[in-house]
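Heads up: the structure comes next, in structure tokens.
Residue numbers (this note's numbering): 10 to 463.
Structure below.
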């Protein structure tokens, strides 16, 4: 059954064979079974998974696929929708097993001295036309500065500076009942995975960040730093992460938080005014401070090249880090922006299926993450000569680190994003285009629309 269906798939045979080899080498069918994603009769879960996975590479949606000349050899729409809507399937377990395997392979290509980071960020998934979708909420989009209908995709990623691997996600609704436009269905088994993920969607975001990192550490992932933007760098969360022996590097905004410096409680701007500066340098200076709870921090101030009256502040809990290293390592956070851009623009995140079930959104988001992870794996396999064997590892140069100049240039885009009437973020587009260009040619051929966006 499986072989005949895949032979009738509309992908060219060369691409189909390559994807089959990838699925086989990663043992995806075994990972699905290990996560309880299985069917007791009819078409196997692995076949349904492959059909959904490949839709984006075929340039068609499920409706067009099932209306095609080979529809009789494919499972019906009801089979696909039951697969996506099953609240018993542990999609997080499946994806954790897969990402652990991928990151383990990346680790073998990288020296032990190289910096690894966890990256925490979120992105809004809009559903402006939806009304009766489970846990639909008004969520704040900090890019547009307004509330929209939809969800916040809170994501944890891992990077070694060359590869980025999304590790986990939580589709956040709102912790406030008044912001939720639709509640969850009432007939769910409270023991099911789906029920627990719905509860998680209504949890406070800082608590969810801690839980995601706890799961990653327990699963066997490791990193030297946790990178986050200014929406997460608040003292209570920083303290919780330090309690788990995790060091943080993050952007800081001018908000109400105070810092203790030389016996005085100062705002960020007041702190900046007291720091000895080198006006000719892009890194203006740094200072050691404490939070009111006693947590020691190092704050680094960076000059905005485009407007010398503007500055950025980055903090770290690692007081031993040089200021240049703080900026360079924080620049690695940009890889998650590239991921969000790729996932939304080309991998159909949030747009390929528009069901009302929360389970469908979780399962499809997992499949989109899997698409990206496999593309990243193929990119690394085809472009890093060390994947060809241990001999190359002994002689090849270390993968080039993100240099300080590039990191600074990327940091400046955060300031531009805060300005009114800001232009399209060309830096993000450029990073995405470079990532696409590094993909193997057989994958680029599957994306005829893949390229520069205007």
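Even for Gly, the Cβ is constructed at its ideal location relative to N, Cα and C.
With respect to residue 219, residue 326 sits apart: the two C-beta atoms are not nearer than 8 Å.
In the DSSP secondary-structure assignment, residue 161 is bridged to 133 and 181. The DSSP-derived three-state label of residue 124 is coil. For residue 303, the secondary structure class from DSSP, reduced to helix, strand or coil, is coil. At the C-beta level, residue 238 and residue 126 stay beyond 8 Å of one another.
Under DSSP, residue 295 forms a beta bridge with 309. Under the three-state reduction of DSSP output, residue 150 falls in the strand class. When rounded, the separation of the alpha-carbon atoms in residue 275 and residue 311 is 19 Å.
Residue 320 has 312 as its beta-bridge partners, per DSSP. The DSSP-derived three-state label of residue 138 is coil. Using a Cβ-Cβ distance cut-off of 8 Å, the segment 365-376 and the segment 173-185 are in contact, since at least three pairs of beta carbons, one from each stretch, lie closer than that value.
Closest in alpha carbon position to residue 316, among 309, 63, 297 and 288, is 288. DSSP places residue 284 in the coil class of the three-state scheme, outside both helix and strand. Looking at the DSSP output, residue 54 shares a beta bridge with no other residue. Residue 371 counts as buried, since at least 16 other C-beta atoms from the protein chains shown sit within 10 angstroms of its C-beta.
Sorting 384, 381, 361 and 228 by C-alpha distance to the C-alpha of residue 373 places 361 at the top. For the 8 Å CB-CB criterion, residue 307 and residue 330 form a contact. Counting along the chain, the unbroken alpha helix (DSSP H) around residue 203 starts and ends at 202-210. In its chain, beyond the 5 residues on either side, 191 and 365 have a beta carbon closer than 8 Å to the beta carbon of residue 141.
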